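Visitor:
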Amino acid sequence: MNDIGEFTLLVALATALYGCVAYVMSARGNRIDLYLSADKTPFIVWACVTISSICLWTAFLTDDFSLQYVWAYSNIELDTFYKFSSFWGGQKGSLLFWTLLLTTYMLVVYFQNRSKNLRVVPYAMAIMLAVVVFFLFLINFSTNPFERIPLPPEDGRGLNPLLQNYWMVIHPPTLYLGYVGFTVPFAFAVAALISKNLDDSWIRLTRKWTLISWFFLCMGNLFGASWAYVELGWGGYWAWDPVENAAFMPLLIATAFLHSVMIQEKKDMMKVWNMSLILLTFSMTIFGTFITRSGLIQSVHTFDEATLGYYFLAFLFVIMAACTALIIARLPLLKSANELDSFLSRESSFLFNNLVLLGIAFATFWGTIFPIISEAVRGVKITVGPPFYNQVNVPIGLALLALIGIGPVIAWRRATLSNLKKNFLRPVIAGIVAAVALYPFVPLGNRAEIYTYVTFVLCAFVLTSILTEFYKGTVSRMGLHEESVVGALTTVTWRNKRRYGGYIVHIGVVLIFAGIAGSQAYGTHTEKHLKLGDSFEIRGYTITYEKLVAIEATSIKTRIIAQLAVERDGKRYWTGHPEKEFYKGQNQPVSEVDVLSTWKEDLYMILADFREDESATIKVYVNPMVSWMWTGGWVIAFGTMISMWPDRLEQRRRLDRVRKQEQLFPSPAQE
Amino acid sequence: MKQKKVRFLVGSLLIVGAIGYLITMGISNTSQYFFTVDELLSQKVSYAGAGLKVKGNVVNGSIQRDPNDYLNVNFSIEENDASLKVAYQGVTPDMFIDGGEVVVEGTMDKNGVFHANTLLTSCPSKYEAEKEAGKMHPGKFPKADEYQKPGINKAEALPKTTI
Chain B
1 MNDIGEFTLL VALATALYGC VAYVMSARGN RIDLYLSADK TPFIVWACVT
51 ISSICLWTAF LTDDFSLQYV WAYSNIELDT FYKFSSFWGG QKGSLLFWTL
101 LLTTYMLVVY FQNRSKNLRV VPYAMAIMLA VVVFFLFLIN FSTNPFERIP
151 LPPEDGRGLN PLLQNYWMVI HPPTLYLGYV GFTVPFAFAV AALISKNLDD
201 SWIRLTRKWT LISWFFLCMG NLFGASWAYV ELGWGGYWAW DPVENAAFMP
251 LLIATAFLHS VMIQEKKDMM KVWNMSLILL TFSMTIFGTF ITRSGLIQSV
301 HTFDEATLGY YFLAFLFVIM AACTALIIAR LPLLKSANEL DSFLSRESSF
351 LFNNLVLLGI AFATFWGTIF PIISEAVRGV KITVGPPFYN QVNVPIGLAL
401 LALIGIGPVI AWRRATLSNL KKNFLRPVIA GIVAAVALYP FVPLGNRAEI
451 YTYVTFVLCA FVLTSILTEF YKGTVSRMGL HEESVVGALT TVTWRNKRRY
501 GGYIVHIGVV LIFAGIAGSQ AYGTHTEKHL KLGDSFEIRG YTITYEKLVA
551 IEATSIKTRI IAQLAVERDG KRYWTGHPEK EFYKGQNQPV SEVDVLSTWK
601 EDLYMILADF REDESATIKV YVNPMVSWMW TGGWVIAFGT MISMWPDRLE
651 QRRRLDRVRK QEQLFPSPAQ E
Chain U
1001 MKQKKVRFLV GSLLIVGAIG YLITMGISNT SQYFFTVDEL LSQKVSYAGA
1051 GLKVKGNVVN GSIQRDPNDY LNVNFSIEEN DASLKVAYQG VTPDMFIDGG
1101 EVVVEGTMDK NGVFHANTLL TSCPSKYEAE KEAGKMHPGK FPKADEYQKP
1151 GINKAEALPK TTI
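Chains as they are written, first to last, in the numbering used here: chain B, 1 to 671; chain U, 1001 to 1163.
Shown next as structure tokens:
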């Protein structure tokens, strides 16, 4: 089995290399024979990588500890569930997993575009294959997951208990699906540049890919946040850790890209900008991998082998240099006919939205690499922490929030006073009402509380502006057709999936903003060393420490559980069971927190320590509005689904375009 | 037309400038020097009072907890034969153990004691398992009975249930 896995990886590398070259040669020299031969490679590469992955999975599930990787990340007693996910538990497997996803995406692109768009697709396939070659090269020659141990040990070392959480099965694949997905729009963008096919067809062809990748990246970030929240036991969900930043930056730039392509589609503007954005997004995904795998920047997520990072750095430089050169070479072709007319217009709100998103991305980037820069320039390592990111990104984030309310409703080209009045009267009034209504209730003692107040007011403004759009659409539909309110709302949304799906995503974003603001400013926490029967108060909850129990859950796991009674207004309200788990073979315990989550606030308990006399240290957080963020995430998911749902009108338009193209450049099958 | 372009350029530059200003201010207000213990002690300038971040390994047996206030911890960290006394108030992370690598954030007082307001243990992730285990190379593997169970002995004293 292991030999097969190793061998298929080599075959995949060779085939991918050949395919890459053959695709380019066939497109340049118009050679159909070569094209037909190259066109078989995506499937072969995918099949080889899949077989190899199955081999590794089999090794995990059958406890084959002759593989160093399996030995290091699994043991006999591990749950099957986690044996399955140990596949991406470490460096080597995660690279193979990455390649598996990439080749699968590539295969889907291949089937989608078979003998279509022949001017662009061969180049796009070649670019994707080139990326695959890079990863396969690393897997084959630097971090081979099929590396053997000559004398196989009897049992493995086991998976880190922190990774033994169901999020381990969900979060990394989701994030990877997002990361990897941007390779597709990137490949098509570069293909468009190479083949000088510079209308917006590459954007339309890859719109769904961009959306899907964006969606997975967004969800991956949120899942990561909730994993950190329930597993790491520090009461927070985001620490501005370099690796978190590495996942956050591509998300920001991709968001900018998603918005600015609309301008290109509608107005044929910002062509160079869009090219640069997709290049930047892709580079950021590689940069993120570089950070995670180089050990250059201290982070909780770092992988072990430090040398691998430099391959990624080299790869990054090659991509950046080549693509920049390509964009510059094609500059004359990327000129756009239209210009911005007025500050007060939809177009410029898109421009500002882009600048603001890139601003947040740049601030985050700068903070992440600042230690390296300061060491290089001044010889001293200077680090910045969460205070820096909060101080810089919060004001920019608020500007972004305001733009969410303004952008979608402001008139195209040039907004007149009457337009503005018509579109913004209601949202502004809602904002003012919220400001007045909230003023007596929210504390405004420090900067965080003032920011939160502003956030809430802006949220009211944005929500009203979005809901007004739904209201207008529904009313005009009801005026024309005899439909109920719900019926009209559904039809309007269904007929304009892109537009209203986008609005729903915006609502989700507003909820996330509100959740972050509430939990950052109004949270409180305390830590107490308690004897049995002791109690204390926090935010109106009376918490009593009742007992401490040790349970031998399995032969490898011992759980120490504290029981805490929570009373509110004299009545028992909830019983919390924070615990600590000790795993055989791991030299550190794992804290399992217990959370009571309501829409208003989370009560979050950690068993920090305990002693033989059954006294224990308990840390309690009260985090307001955290659940709003998770709800916002589901709303975003729902909105993305709607805007991604196949649109028959859109498909018809696209088919026409494809036909037109094929007349210009007949596919080899027809010749 | 020209004029319009200039106006947009100015507008965009204003935004970019504002963001740049925020970043510079942010850096100068919140940055911390990052040293390992030996680097810090070999500095000629005194960093007393400045925001510092220091990395080192916990000296074996140096962790002392105040018997009356469990959350009050004193310990030392070392790196390349240089060591530093640290005072910390608060819950310690799971991985805070003898020999473990930690990063403390806080300030130095004049007596050379470091007052930490944040205590981070490095990398709980198995990705760094090899490094963590130190002597254990990928080729070598531990015997089945070699694992340690610190803390579990504390649990022995507790009422036991089995499920």
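The beta carbon of each residue, even a glycine, is placed where N, CA and C say it ideally should be. Note that the structure is predicted; figures quoted are calculated from it, not measured.
So that I know if they touch, is there some Cβ in chain B lying closer than 8 Å to that of Gln1003(U)?
Guide: It does not: the Cβ of Gln1003(U) has no partner Cβ on chain B nearer than 8 Å.
Visitor: Have a look at Asp1081(U), Ile1077(U), Thr1030(U) and flag the residue whose alpha-carbon is nearest the alpha-carbon of Tyr1088(U).
Guide: Nearest option by C-alpha distance: Ile1077(U).
Visitor: According to DSSP, is Leu162(B) helix, strand or coil?
Guide: Here Leu162(B) sits in helix by DSSP.
Visitor: Kindly indicate the opening and closing residues of the beta strand (DSSP E) around Phe610(B).
Guide: Note, Phe610(B): beta strand (DSSP E), 601-610.
Visitor: Is there a Cβ of chain U sitting closer than 8 Å to that of Ser142(B), yes or no?
Guide: By this cut-off, Ser142(B) is not an interface position.
Visitor: So Leu78(B) contacts chain U; which residues on that side make the cut at Cβ distance below 9 Å?
Guide: Ordered by position in chain U, no residue passes the 9 Å Cβ test against Leu78(B), which lies about 12 Å from the chain.
Visitor: In whole angstroms, what separates the C-alpha of Phe257(B) from that of Leu355(B)?
Guide: So the alpha carbons of these two residues sit roughly 11 Å apart.
Visitor: Can you pull the chain B residues whose beta carbon is under 9 Å from the beta carbon of Lys1110(U), in chain order?
Guide: Correct list: empty, because the minimum Cβ distance to chain B is about 21 Å.
Visitor: Does the beta-carbon of Phe1141(U) have 16 or more other beta-carbons within 10 angstroms, so that it is buried, or is it exposed?
Guide: Low per-residue confidence applies at Phe1141(U): pLDDT is 34, beneath 50, and the placement is therefore not dependable enough to give any value.
Visitor: Would you mind reading off the limits of the alpha helix (DSSP H) that contains Asp1038(U)?
Guide: Here the alpha helix (DSSP H) through Asp1038(U) covers 1037-1041.
Visitor: For Glu579(B) and chain U, any beta-carbon pair shorter than 8 Å?
Guide: For Glu579(B), the answer is no, since every Cβ of chain U falls outside 8 Å of its Cβ.
Visitor: Assuming Asp33(B) is part of the alpha helix (DSSP H), what are its boundary residues?
Guide: Element bounds for Asp33(B): 32-38.
Visitor: What does DSSP give as the partner residue(s) for Trp574(B) in the beta ladder?
Guide: Partner(s): Val566(B).
Visitor: Determine the closest residue to Ile1027(U) out of Leu136(B), Asn390(B), Leu331(B), with distance taken between C-alpha atoms.
Guide: Nearest C-alpha to Ile1027(U): Asn390(B).
Visitor: Would you call the region 88-108 of chain B and the region 66-80 of chain B in contact, with 3 or more CB pairs under 8 Å?
Guide: Touching, per the Cβ criterion.
Visitor: From the DSSP secondary-structure annotation, give me the bridge partner or partners of Gly639(B).
Guide: The partner list for Gly639(B) (beta bridge, DSSP) is empty, contrary to what the question assumes.
Visitor: Quick one, which residues of the region 331-352 of chain B are near chain U if we go by CB-CB under 9 Å, in chain order?
Guide: Within the region 331-352 of chain B, the residues whose Cβ lies closer than 9 Å to some Cβ of chain U are Glu339, Leu340, Asp341, Ser342, Phe343, Ser348, Leu351, Phe352, listed in chain order.
Visitor: Anyone know if the C-beta pair for Phe370(B) and Val392(B) falls short of 8 Å?
Guide: Their beta carbons are not under 8 Å apart, which means Phe370(B) does not touch Val392(B) by this criterion.
Visitor: Would you kindly work out how many angstroms separate the C-alpha atoms of Glu305(B) and Arg293(B), rounded to a whole number?
Guide: Low confidence applies to Glu305(B): its pLDDT is 48, below 50, so where it sits in the model is not reliable, and the reading given next is rough at best. Answer to the nearest angstrom: the Cα atoms are 7 Å apart.
Visitor: For Gly1049(U) and Met1095(U), I'd like the C-alpha separation in whole angstroms.
Guide: Roughly 28 Å separates the two Cα atoms.
Visitor: With a cut-off of 8 Å, does the C-beta of Ser115(B) fall near any C-beta of chain U?
Guide: With 8 Å as the cut-off, Ser115(B) does not count as an interface residue toward chain U.
Visitor: Can you confirm whether the region 183-194 of chain B touches the region 108-126 of chain B when touching is taken to mean that 3 or more C-beta pairs between the two stretches lie within less than 8 Å?
Guide: At 8 Å Cβ cutoff, the stretches touch.
Visitor: Hey, out of Asn30(B), Leu13(B), Ala12(B), Ala38(B), whose CA is closest to Tyr23(B)'s CA?
Guide: Measuring from the Cα of Tyr23(B), the nearest candidate turns out to be Ala38(B).
Visitor: Are the CB atoms of Trp46(B) and Met106(B) nearer to each other than 8 Å?
Guide: Yes.
Visitor: Please decide whether Val1016(U) counts as near chain B, where near means a Cβ-Cβ distance under 8 Å.
Guide: True, the Cβ-Cβ gap to chain B drops below 8 Å.
Visitor: So, helix, strand or coil for His676(B), using DSSP?
Guide: Since the first residue of chain B shown is 1 and the last is 671, residue 676(B) is not available in this structure.
Visitor: Please compile the residues from chain A whose C-beta is within a distance smaller than 8 Å of the C-beta of Ile396(B).
Guide: Any reference to chain A falls outside this structure, whose protein chains are B and U.
Visitor: Might you give, ordered along the chain, the residues of its own chain that have their beta carbon closer than 7 Å to the beta carbon of Cys20(B), omitting 5 neighbours on each side?
Guide: Around Cys20(B): Ala126, Leu129, Ala130, Val133.
Visitor: Got a sec, what are the start and stop residues for the alpha helix (DSSP H) His506(B) sits in?
Guide: Start and end: 497-522.
Visitor: In angstroms with no decimal places, state the Cα-to-Cα distance between Ser86(B) and Tyr1047(U).
Guide: Roughly 45 Å separates the two Cα atoms.
Visitor: What do you get for Ser195(B), buried or exposed, if any count of 16 or more other CB atoms within 10 angstroms of its CB means buried?
Guide: Buried.
Visitor: For the region 549-564 of chain B against the region 513-522 of chain B, do three or more pairs of beta-carbon atoms, one drawn from each stretch, fall closer than 8 Å, so that the two count as touching?
Guide: Flag = no, the region 549-564 of chain B and the region 513-522 of chain B do not touch.
Visitor: Using a Cβ-Cβ cutoff of less than 7 Å, which residues in the same chain neighbour Thr8(B) once the five nearest sequence positions on both sides are dropped?
Guide: If we look at Thr8(B) and ignore the five residues flanking it on each side, its Cβ neighbours are Cys48, Ile51, Ser52.
Visitor: State yes or no: is the beta carbon of Gln1032(U) nearer than 8 Å to at least one beta carbon in chain B?
Guide: It does; some Cβ of chain B falls within 8 Å.
Visitor: In chain order, what residues of the same chain have a beta carbon less than 6 Å from the beta carbon of Glu1128(U), not counting five sequence neighbours either side?
Guide: Residue confidence is low: Glu1128(U) scores 38 on pLDDT, short of 50, so the model does not pin down where it sits. No coordinate-derived value is stated.
Visitor: Taking Cβ positions, are Phe60(B) and Phe84(B) nearer each other than 8 Å?
Guide: Yes, they are a contact pair.
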